[in-house]
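Q: The sequence shown runs 1 to 280 under UniProt numbering.
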Amino acid sequence: MRSLAGLAALVAAASVFLYLLSTHLPPGPTRGPPGSAEEEEVEEDGGVQEYRLKFPSDLDELRELAEMLKFYNREHHGYVLLLFCSAYLYKQSFAIPGSSFLNMLAGAIFGPWEGLALACLLTTVGSTFCFLLSSAFGKQHVVQRFPEKVALLQRKVEENRSSLFFFLLFLRFFPMTPNWFLNITCPVLNIPMPIFFSSVFIGLIPYNFICVRTGSMLSEISSLDDIFSWGTLAQLLAIALMALLPGALIKRYGEAHLKVDGVDSNGPSRAEVKPVRERW
1 MRSLAGLAAL VAAASVFLYL LSTHLPPGPT RGPPGSAEEE EVEEDGGVQE
51 YRLKFPSDLD ELRELAEMLK FYNREHHGYV LLLFCSAYLY KQSFAIPGSS
101 FLNMLAGAIF GPWEGLALAC LLTTVGSTFC FLLSSAFGKQ HVVQRFPEKV
151 ALLQRKVEEN RSSLFFFLLF LRFFPMTPNW FLNITCPVLN IPMPIFFSSV
201 FIGLIPYNFI CVRTGSMLSE ISSLDDIFSW GTLAQLLAIA LMALLPGALI
251 KRYGEAHLKV DGVDSNGPSR AEVKPVRERW
C-alpha cells in the first residue's frame with residue numbers, strides 16, 4: 001500500500017507541474033504567420049493570442065499543435081523545449097502510450113536532426129525513469145498483474161543470459177512485447193541498468209528516426225501533390241532503408257544466436273508458462 005501511495009504522489013506532483021507549465025505560458029507572439037488563421041484571430045481579438053495545449057490524439061491535432069508551437073518557438077525556444085521535454089518524460093516515465101505522436105511533434109517543431117537527438121535522449125531517459133519507478137514501487141504489482149507474460153520473459157532472459165544485450169536489442173527492434181511493458185518488467189527480471197539503458201538508446205533509434213522524419217515531412221506538406229513529389233518519395237525510400245537495415249541485421253543475428261520463440265505482444269498461453277519466481 002505504501003508503494004502505491006508513493007507512486008500516486010509522484011504522478012500527482014508530475015501532473016501538477018506539467019499542468020502549470022502548459023497553462024502559464026510566457027507572452028506569445030502578437031502576430032501569426034502571414035495569411036494564417038492565427039493572424040486573423042489575433043486581429044479580431046485586438047492583438048491578444050491565447051494558446052491551449054493538450055496531447056494530440058490524431059494527425060489533425062498533431063499538425064495544429066505543431067504549427068502553433070513552431071510559431072511560439074520563434075520567441076520562446078527555451079520554454080517550448082522545456083515544455084516538450086517535460087511532456088515526453090511524463091509519458092515515458094509513467095508508461096503512458098503516445099510517444100509516436102510526440103516523436104513526430106519533435107520532428108515538426110525542431111527539425112529532423114535536433115528532433116531525432118531529442119527523441120532518442122528523452123526515450124532513453126524516460127524509459128530509465130520508468131525502470132526506476134517500477135523497481136522502487138511496482139515489482140510485486142507487475143508480477144501480480146501480468147504473471148504469464150512476466151514468467152515467459154523471465155524464462156527467455158535466462159535462456160539468453162549470455163547474449164542479454166542482443167536479446168533486449170532484438171525485442172526493441174521487433175516489439176513483439178510492447179516497449180512500456182519491457183520498461184516496467186526489466187527490474188523484475190534483474191536486468192542490469194547499463195544493459196537496459198544502452199539497449200533502449202540503440203534499439204529505438206530506427207523507430208524514433210521514422211517518427212521524427214515523418215513529423216518533419218508532415219509539417220512541410222500542404223497538399224496531396226507534395227506527398228507524391230519525387231523529393232518526398234525519395235525521402236520515404238531513404239527512411240524505409242535506414243529503418244530496415246539494422247533490423248535485418250539484428251534479426252539475422254537473433255535467428256542464429258537467440259531463443260525468442262513464443263514471445264509475442266498478446267502474451268503466452270497458459271501451457272507455455274512456468275511459475276514466476278520473485279527475485280527481490
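For every residue, glycine included, the Cβ atom is placed at its ideal position computed from N, Cα and C.
Please read all numbers here as calculations on a predicted model, not as lab measurements.
With a Cβ-Cβ cutoff of 8 angstroms, do Cys85 and Leu122 count as a contact?
A: Counting from 1 along the sequence shown, the entry for residue 85 is found at position 85. Counting from 1 along the sequence shown, the entry for residue 122 is found at position 122. Their beta carbons are under 8 angstroms apart, which means Cys85 touches Leu122 by this criterion.
Q: Using a 10 Å radius around the Cβ and a threshold of 16 neighbouring Cβ atoms, would you call residue 284 buried or exposed?
A: This structure does not reach residue 284, given that the chain is present from 1 up to 280, and the question cannot be answered.
Q: Does the structure place the segment 107 to 121 close enough to the segment 170 to 186 that three or more beta carbon pairs sit under 8 angstroms?
A: Contact between the segment 170 to 186 and the segment 107 to 121 is absent, because fewer than three Cβ pairs lie under 8 angstroms.
Q: Please tell me whether Leu152 and Gly203 are closer than 8 angstroms, where the distance is taken between their beta carbons.
A: One-based indexing of the sequence shown puts residue 152 at position 152. One-based indexing of the sequence shown puts residue 203 at position 203. Taking 8 angstroms as the Cβ cut-off, Leu152 and Gly203 do not qualify as a contacting pair.
Q: Taking all protein chains shown into account, decide if Thr23 is buried (16 or more other Cβ within 10 angstroms of its Cβ) or exposed.
A: Taking the first residue of the sequence shown as 1, we reach residue 23 at position 23. Looking at its Cβ environment, which holds fewer than 16 other Cβ atoms inside 10 Å, Thr23 is exposed.
Q: In whole angstroms, what separates the C-alpha of Arg213 from that of Pro112?
A: Along the sequence shown, read from residue 1 onward, the residue named residue 213 stands at position 213. Along the sequence shown, read from residue 1 onward, the residue named residue 112 stands at position 112. Going from the Cα of Arg213 to the Cα of Pro112 covers about 6 angstroms.
Q: Between the segment 68 to 75 and the segment 6 to 13, do three or more beta carbon pairs fall short of 8 angstroms?
A: Cβ pair count under 8 angstroms is below three, so no.
Q: Using the Cα positions of Ser3 and Asn208, report the straight-line distance between them to the nearest angstrom.
A: In the sequence shown, residue 3 corresponds to position 3, counting from 1. In the sequence shown, residue 208 corresponds to position 208, counting from 1. Cα to Cα, Ser3 sits roughly 32 angstroms from Asn208.
Q: Is the separation between the beta-carbon of Cys120 and that of Ala95 shorter than 8 angstroms?
A: Mapped onto the sequence shown, residue 120 falls at position 120. Mapped onto the sequence shown, residue 95 falls at position 95. No, these two residues do not count as a Cβ contact at 8 angstroms.
Q: Assign Thr124 to one of three DSSP states: helix, strand, or coil.
A: Residue 124 sits at position 124 when you count from the first residue of the sequence shown. Thr124 falls in the helix class under three-state DSSP.
Q: Applying the criterion that 16 or more other CB atoms from any shown protein chain within 10 Å of the CB defines a buried residue, is Leu118 buried or exposed?
A: Residue mapping note: residue 118 aligns to position 118 of the sequence shown, counting from 1. That one is buried.
Q: Where are the alpha helix (DSSP H) runs, 4 residues long or more, that stay fully inside the UniProt domain "VTT" (96 to 216), in chain order?
A: For the UniProt domain "VTT" (96 to 216), whole alpha helix (DSSP H) runs of length 4 or above, ordered along the chain, are 99 to 110, 112 to 133, 139 to 145, 147 to 159, 164 to 173, 179 to 185 and 193 to 203.
Q: Given this structure, state the Cα-to-Cα distance separating Cys186 from Leu25, to the nearest angstrom.
A: Position 186 of the sequence shown, counting from 1, holds the residue named residue 186. Position 25 of the sequence shown, counting from 1, holds the residue named residue 25. Approximately 37 angstroms between the Cα atoms of the pair.
Q: Are the beta-carbon atoms of Gln92 and Ser100 separated by less than 8 angstroms?
A: As a first step, residue 92 is located in the sequence shown; it is residue number 92 there, counting from the start. As a first step, residue 100 is located in the sequence shown; it is residue number 100 there, counting from the start. Not closer than 8 angstroms, so no.
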